[in-house]
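The structure appears right after this line, and notes come after that.
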Amino acid sequence: MRDHILEEDPNSPARKEMNPLLKFALELGPLLVFFFANSRGDQLAEAFPVLHELGGPLFIATGLFMAAMAISLSVSWAITRSLPIMPLVSGAVVLVFGTLTLWLQDETFIKMKPTIVNALFGAVLLGGLAFGKSLLGYVFDQAFKLDAEGWRKMTLRWGLFFLFLAVLNEVVWRNFSTDAWVAFKVWGTMPITIVFMLTQIPLLKRHALEPKVADAGKS
Numbered sequence: 102m103r104d105h106i107l108e109e110d111p112n113s114p115a116r117k118e119m120n121p122l123l124k125f126a127l128e129l130g131p132l133l134v135f136f137f138a139n140s141r142g143d144q145l146a147e148a149f150p151v152l153h154e155l156g157g158p159l160f161i162a163t164g165l166f167m168a169a170m171a172i173s174l175s176v177s178w179a180i181t182r183s184l185p186i187m188p189l190v191s192g193a194v195v196l197v198f199g200t201l202t203l204w205l206q207d208e209t210f211i212k213m214k215p216t217i218v219n220a221l222f223g224a225v226l227l228g229g230l231a232f233g234k235s236l237l238g239y240v241f242d243q244a245f246k247l248d249a250e251g252w253r254k255m256t257l258r259w260g261l262f263f264l265f266l267a268v269l270n271e272v273v274w275r276n277f278s279t280d281a282w283v284a285f286k287v288w289g290t291m292p293i294t295i296v297f298m299l300t301q302i303p304l305l306k307r308h309a310l311e312p313k314v315a316d317a318g319k320s
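When we follow my numbering, the leftmost residue of the sequence shown carries the number 102, and every step to the right adds one.
As structure tokens, this is what we get:
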């Protein structure tokens, strides 16, 4: 019987690897569902009348987003027999704020979700550093192999970046239309994140662990 429902420590031999591209697709997929459902909410409601019960396009998108997050976590569990920590936290917040959005028919709650998630991630990463834990290794260990100092620096930078995204989401949803916010959530946040990741390449190179030589005697 498994002792751990949550994913194992980054360097644990019991940790089951997942294809990085699949992991990325599982994390990005629910966002794409949310964007598509918001932009095609009326057509979806016509094709599936039961969706009318949820409300307008944003509420339909919220319901489908929650379903997509549940599917994403289920696939992760089916493959690795564990739940990834950060998507699990995000999914829990989506469940709470999505339910409030649909129940009260108030779009404010789903708009606040990215603020809460990013602020929570930032606080968790920075809080982990305060206790000597570089938690970012749980997210990126399958893509990068860094020394302890590299993970510490990356965790600090990502913690601050998540707090920046939280503030940015507040600025956008409070000052722009719902459609503009949805477009920014999918097509704005991702490019900003990619640019940030590109700026971390020098750090990754400096702190990358050298691959082990399997057969030192081979020429």
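Don't be surprised by glycine CBs; every beta carbon is placed ideally from N, CA and C. Quick caveat: nothing in here was measured; it's all calculated off a predicted structure.
Quick check on arginine 307: buried or exposed, where buried means 16 or more other Cβ atoms within 10 Å of its Cβ?
Sequence index remark: in the sequence shown, residue 307 carries index 206 (1-based). Exposed, by the Cβ-count rule.
Kindly list the residues whose CB is nearer than 7 angstroms to the CB of lysine 99, restricted to its own chain and excluding five residues on each side of it in sequence; keep chain order.
Residue 99 cannot be examined here, being either before or after the span of the chain that is shown, 102 to 320.
Just curious, the alpha helix (DSSP H) that glycine 223 is in, first and last residue?
As a position in the sequence shown, residue 223 is number 122, starting the count at 1. For glycine 223, the enclosing alpha helix (DSSP H) has its first and last residue at 209 to 231.
At the level of alpha carbons, what is the spacing between alanine 146 and asparagine 139?
One-based indexing of the sequence shown puts residue 146 at position 45. One-based indexing of the sequence shown puts residue 139 at position 38. When only Cα atoms are considered, alanine 146 and asparagine 139 end up about 11 angstroms apart.
Closest residue to phenylalanine 263 among Ala220, Val296, Ile180 (Cα-Cα distance)
Within the sequence shown, numbered from 1, the residue matching residue 263 stands at position 162. For phenylalanine 263, the nearest C-alpha among the options comes from Ala220.
Would you kindly check if the distance between the Cβ of threonine 256 and the Cβ of leucine 269 is under 8 angstroms?
What you label residue 269 is simply residue 168 of the sequence shown in a count that begins at 1. What you label residue 256 is simply residue 155 of the sequence shown in a count that begins at 1. No, Cβ-Cβ distance for leucine 269 and threonine 256 is not below 8 angstroms.
Can you tell me which residues form a DSSP beta bridge with alanine 309?
Counted from its first residue, the sequence shown places residue 309 at position 208. Answer is Leu247.
Return the CA-CA distance between leucine 324 and alanine 179, expressed in angstroms with no decimal places.
Look at the range of the chain in this structure, 102 to 320, and you will see that residue 324 is not part of it.
For phenylalanine 297, which residues of its own chain have a beta-carbon under 7 angstroms away from its beta-carbon, when the five flanking residues on both sides are left out?
Residue numbering aside, residue 297 sits at position 196 when the sequence shown is read from its first letter. Answer for phenylalanine 297: Phe262, listed in chain order.
With a threshold of 8 angstroms, are at least 3 pairs of Cβ atoms found where one atom belongs to the region 186 to 205 and the other to the region 156 to 173?
Segments in contact, yes.
My assumption, with CB atoms under 8 angstroms, is that threonine 163 sits in contact with threonine 216. Please give the rounded CB distance.
Along the sequence shown, one-based indexing puts residue 163 at 62. Along the sequence shown, one-based indexing puts residue 216 at 115. About 16 angstroms separates the two Cβ atoms, so there is no contact after all.
Look at the Cβ atom of leucine 230, then the Cβ atom of arginine 253, and state whether they are nearer than 8 angstroms.
Locating residue 230 in the sequence shown gives position 129, counting from the first residue. Locating residue 253 in the sequence shown gives position 152, counting from the first residue. Closer than 8 angstroms, so yes.
When the Cα of alanine 171 is compared with those of Val190, Gly156, Trp288, Phe160, which residue comes out closest?
Stepping through the sequence shown from its first residue, residue 171 is reached at position 70. For the residues Val190, Gly156, Trp288, Phe160, the minimum Cα distance to alanine 171 belongs to Val190.
Nearest by alpha-carbon distance to proline 303: which of Asn276, His153, Phe245 is it?
Translated into the one-based positions of the sequence shown, residue 303 becomes position 202. Out of Asn276, His153, Phe245, Phe245 has the C-alpha closest to the C-alpha of proline 303.
Quick one: Cα of phenylalanine 210 to Cα of glutamate 311, how far?
Residue mapping note: residue 210 aligns to position 109 of the sequence shown, counting from 1. Residue mapping note: residue 311 aligns to position 210 of the sequence shown, counting from 1. Going from the Cα of phenylalanine 210 to the Cα of glutamate 311 covers about 46 angstroms.
For leucine 159, name the three-state secondary structure that DSSP assigns.
In the sequence shown, counting from the first residue as 1, residue 159 sits at position 58. Helix at leucine 159.
Give the straight-line distance between the Cα atoms of phenylalanine 160 and threonine 181, rounded to the nearest whole angstrom.
Looking up residue 160 in the sequence shown gives position 59. Looking up residue 181 in the sequence shown gives position 80. Cα to Cα, phenylalanine 160 sits roughly 32 angstroms from threonine 181.
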